[in-house]
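What follows is a short report on a single structure.
Numbering (the UniProt record's numbering), first residue to last: 1 to 264.
So, in structure tokens, the structure goes:
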């Protein structure tokens, strides 16, 4: 029987396709790992912001310190600073998350409501009532820290930019509602609509929340109906006679609208 001897195998030549497959696998692994790291960091940031929200909602903004937050969460203070930045940046991020939740609810209520312009305004005004039920701690945070409170505190550049962005979003919603209801989008009309959506529900919730959500929503609806029927002032004399609440809201809207127009 004749046996044939197989030639010894030489070094394997790596083709271009082999390199491509290897590089692709390495790239996929690296991408997957980076995604896991980012997801893990996002989860940690959310946990820190949740704790910060509890602190501010329960005890006020001055109670929040990086040290107390470290004790409450178990994260080292250095890790909190690395993930969230300074205390001011953390407060800003916590407030922004709460406010974006409100804006999201407000937008969906307005867009999903069929019917008259007034019905859309009523839906917008009810956002504060529903928001307090869905996100009680976020609502308590927004009560404890007003937007003007943040304006008086130095803010990191990125936080300040995001605050201006959510301001613009709110003004845009108020402008669209004002156009629908009164066919106006001047400062006075936007300020009055903002009072309907923010100030009236806030006052009514503060006094009548114990009466139950049905009655609170009806009180808000009827109060807003009266303002919508009255409408915004049409001349300087009416504006001068307006309540201080409306005037302060108008001054606030003037600043926001001026910024929005500059950016646009």
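Glycine residues also receive a C-beta, built at the ideal position from the N, C-alpha and C atoms.
Asked, Found
"Nonlocal neighbours in the same chain, by C-beta distance under 6 Å from residue 225, ignoring five residues either side", "none"
"Nearest to residue 175 (by Cα), restricted to the options 193, 164, 163 and 161", "193"
"Alpha carbon of residue 41 to alpha carbon of residue 84, nearest angstrom", "10 Å"
"Segment contact, 8 Å Cβ cut-off, at least three pairs: the segment 114–134 with the segment 178–198", "yes"
"CA nearest to the CA of residue 169, picked from 221, 103, 123 and 216", "103"
"Three-state class that DSSP yields for residue 163 in the structure shown", "helix"
"Contact check, residue 66 vs residue 51, beta carbons under 8 Å", "no"
"Secondary structure of residue 107, DSSP reduced to three states", "helix"
"Residue 205 - DSSP class collapsed to helix/strand/coil", "helix"
"Unbroken alpha helix (DSSP H) run spanning residue 220, endpoints", "213–230"
"Element boundaries [alpha helix (DSSP H), containing residue 73]", "66–73"
"Collapsed DSSP secondary structure at residue 192 in the structure displayed", "helix"
"Pair within 8 Å by beta-carbon distance, residue 198 and residue 220", "no"
"Nearest-angstrom Cβ-Cβ length linking residue 64 and residue 56, presumed shorter than 8 Å", "6 Å"
"Cβ-Cβ distance between residue 98 and residue 109 below 8 Å", "no"
"Residue 184: first and last residue of the uninterrupted alpha helix (DSSP H) it sits in", "From DSSP, residue 184 is part of no alpha helix (DSSP H); its letter is neither H nor E."
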